[in-house]
Structure formats: structure tokens, C-alpha cells
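Asker: Numbering (the working numbering), first residue to last: 86 to 335.
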């Protein structure tokens, strides 16, 4: 009588990423294993020795693999596969002056690849520096510790050195992007910046160019809508400038 050892089912996988191919490698041992049965907890099965699958929904999957020998002995291995969406972040859109140095700031992973690389000092780091003569959209591919990849973009707008730029909208929702309404100008050019609501009431005012409005008045969030801004400036050539316009708080 020949006694066949009970098989030992096992497998490894990499990477576990949403919308990316996950490779499952069979590591079963013992006995004359002739059949494998995979169950991926999403209606998909396989009888291959090694297999792969793309998970399309962000959740936990109870993946099981059964190893069966020629004598009908079997063993089963189950593992919980956590599928999370990678969250690449290329940072806030930027406004810079022509030829002035700027820095990009990506996060969400352990390695980064920026394109186009020609305008940057090193496109393989999270925070490359560069200079521009015209507006440019940058794309960053972020890879996390699991090997999962994702992309995000950031726009860098470019203005002439004597330009005074005032955005047309902002979103003070504390997401870290476009939360503050402020003037973009060469250093120490703007010496008065004010914002008024539809009734002509001043909701924000500053004599410091670097300061901006966060959408609040005396700590109280103001309603979304259109506001009027007014500024006074003196260019580096000594020319006095007064401007006004509107901004939409979203």
C-alpha cells in the first residue's frame, strides 16, 4: 500500500493593485499534485498552475487555491488580498514668472517619473526644480510600495515679470488645492488688495502681497458666489496701477 503525503497548498502574488494585472505564483508542494482550483472571490476561477487576474473593484478579496493529488488528497490555501486605489498627487497648479525657478511636489509613492523631463533638473525625484518660458502641463507617474502605479498632472502657468495676475475662481474647501485667493505678482509690487461682497461690504483686506483670502470673514465662512476685488500696485518701473475685477468662490 502506497501512502501519498497530503499536499501543502500555497501561493504568492504581486502586485496587488487596482486595475493592474496581479500575478499569482503557485508554491504548493508534497504529493503528486495534478489539479489546481483557484477562486478569486469575484466570480472568476482558474485551473492553471500559475495565473493572473486584474481586480476592478476596490475591496478585500478572499482568494483561495486548492491543490489535489492523483489519489484525491487535497489541501486548500486562502489569503485576503487587499486592493486599494493608489492616490498619486502631483501637487497644486502653479503660477510662476518667466525664467524664474519653481519646484514641483509629488507624493503618494516611493518612486516618481515626471514628463516632459526636459524642463526639470531631475525627473526621477518627488520634488524636481525647473524654469519655464511658457505654460506647461506636467505628468507624474507614481509607484507605491506595493508596485502599484498611478498618474496625476499639474499645470504651471507662466507670466511676464511685470504681470499682475488675479485668479478668476478659488475653492476654499481645505483640500490643499486652490484654497486661498491671492494676487500673483513680482515681490513687493501690490500694496493694497481688498475683496467685497455683492452688497459692497469688505470681507477681506491686506497691505501685504503674500496674504490671501480664505473665504472667511471674522472666522465665518462666506457663501459661494461672485465677489469683487480691488488692488493698488506700483511696478518695479515705478508705474502706479489700480485694478479691479471679480472672482467666483466655488
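Backbone N, C-alpha and C fix where the C-beta goes; we use that ideal spot for every residue, glycine too.
#1: If you scan the region 254-330 from start to end, which runs of the beta strand (DSSP E) of 3 or more residues do you find wholly inside it?
#2: Any idea what DSSP makes of residue 219, helix, strand or coil?
#3: In chain order, which continuous runs of the beta strand (DSSP E) of length 3 or greater are located wholly inside the region 112-182?
#4: Considering Cα atoms alone, identify which of 201, 89, 112 is closest to residue 158.
#5: Going straight from the alpha carbon of residue 293 to that of residue 284, what length do you get?
#6: Is it the case that the Cβ atoms of residue 318 and residue 274 are separated by a distance below 7 Å?
#7: Taking the straight line between their C-alpha atoms, what separation do you get for residue 100 and residue 131?
#8: In the DSSP assignment, find the beta strand (DSSP E) that holds residue 242 and state where it starts and stops.
#9: Give me, in chain order, the residues of the same chain whose beta-carbon lies closer than 7 Å to that of residue 147; leave out the 5 immediate sequence neighbours on both sides.
#10: If distances are taken between C-alpha atoms only, which option among 92, 297, 218 comes closest to residue 111?
#11: Assuming residue 235 and residue 171 form a contact by the criterion Cβ under 8 Å, report the distance between their Cβ atoms to the nearest whole angstrom.
#12: With a threshold of 7 Å between beta carbons, is residue 129 in contact with chain C?
#13: To which residues of the same chain is residue 117 closer than 6 Å at the C-beta, ignoring the five residues directly before and after it?
#14: Based on the DSSP secondary-structure assignment, which residues constitute the bridge partners of residue 108?
#15: In angstroms, rounded to a whole number, what distance separates the CA positions of residue 105 and residue 219?
#16: In whole angstroms, what separates the C-alpha of residue 129 from that of residue 97?
#17: What is the rounded straight-line gap between the Cα of residue 304 and the Cα of residue 265?
#18: Three or more C-beta pairs under 8 Å: does that hold for the region 177-193 against the region 237-247?
#19: Cutting at 8 Å between CB atoms, please list the residues of its own chain near residue 307, excluding the five before and the five after it.
Answerer: Straight from the coordinates:
#1: Complete beta strand (DSSP E) runs here, min 3: 275-281, 287-291, 310-319.
#2: For the purposes of this step, residue 219 is taken as the residue at position 134 of the chain shown. In the structure shown, residue 219 adopts coil according to DSSP, grouped into three states.
#3: Unbroken beta strand (DSSP E) runs of no fewer than 3 residues, entirely contained in the region 112-182, are found at 118-124, 136-139, 145-154, 159-167, 179-182, following chain order.
#4: Residue numbering aside, residue 158 sits at position 73 when the chain shown is read from its first letter. Nearest of 201, 89, 112 to residue 158, Cα basis: 89.
#5: Working through the chain shown from its first residue, we reach residue 293 at position 208. Working through the chain shown from its first residue, we reach residue 284 at position 199. Approximately 25 Å between the Cα atoms of the pair.
#6: Locating residue 318 in the chain shown gives position 233, where the first residue counts as 1. Locating residue 274 in the chain shown gives position 189, where the first residue counts as 1. With respect to the 7 Å criterion, residue 318 and residue 274 are classified as neighbours on the basis of their beta carbons.
#7: Walking along the chain shown from the start, residue 100 turns up at place 15. Walking along the chain shown from the start, residue 131 turns up at place 46. Our two residues, residue 100 and residue 131, have alpha carbons roughly 19 Å apart in a direct line.
#8: Counting from one through the chain shown, the residue named residue 242 turns up at place 157. Segment 234-244, the beta strand (DSSP E) holding residue 242.
#9: The count along the chain shown starts at 1 and reaches residue 147 at position 62. For residue 147, the CB contacts under 7 Å within the same chain, skipping 5 residues up- and downstream, are 126, 163, 165 in chain order.
#10: Residue 111 sits at position 26 when you count from the first residue of the chain shown. Minimum Cα distance to residue 111 is reached at 92.
#11: Position 150 of the chain shown, counting from 1, holds the residue named residue 235. Position 86 of the chain shown, counting from 1, holds the residue named residue 171. That belief holds up - the Cβ atoms of residue 235 and residue 171 are roughly 4 Å apart, short of 8 Å.
#12: No chain C appears in the structure shown, which is made up of a single protein chain.
#13: Mapped onto the chain shown, residue 117 falls at position 32. Taken in chain order, the residues that qualify are 154, 155.
#14: Within the chain shown, residue 108 is the residue found at index 23, counting from 1. According to DSSP, which records beta bridges pairwise, residue 108 is partnered with 99, 137.
#15: Position 20 of the chain shown, counting from 1, holds the residue named residue 105. Position 134 of the chain shown, counting from 1, holds the residue named residue 219. Residue 105 and residue 219: Cα-Cα distance of roughly 35 Å.
#16: Counting from one through the chain shown, the residue named residue 129 turns up at place 44. Counting from one through the chain shown, the residue named residue 97 turns up at place 12. So the two alpha carbons sit approximately 18 Å from each other.
#17: Looking up residue 304 in the chain shown gives position 219. Looking up residue 265 in the chain shown gives position 180. The alpha-carbon separation between residue 304 and residue 265 amounts to approximately 14 Å.
#18: With a cut-off of 8 Å, the region 237-247 and the region 177-193 count as touching, because enough Cβ pairs lie within range.
#19: Sequence index remark: in the chain shown, residue 307 carries index 222 (1-based). 282, 288, 300, 301, 334.
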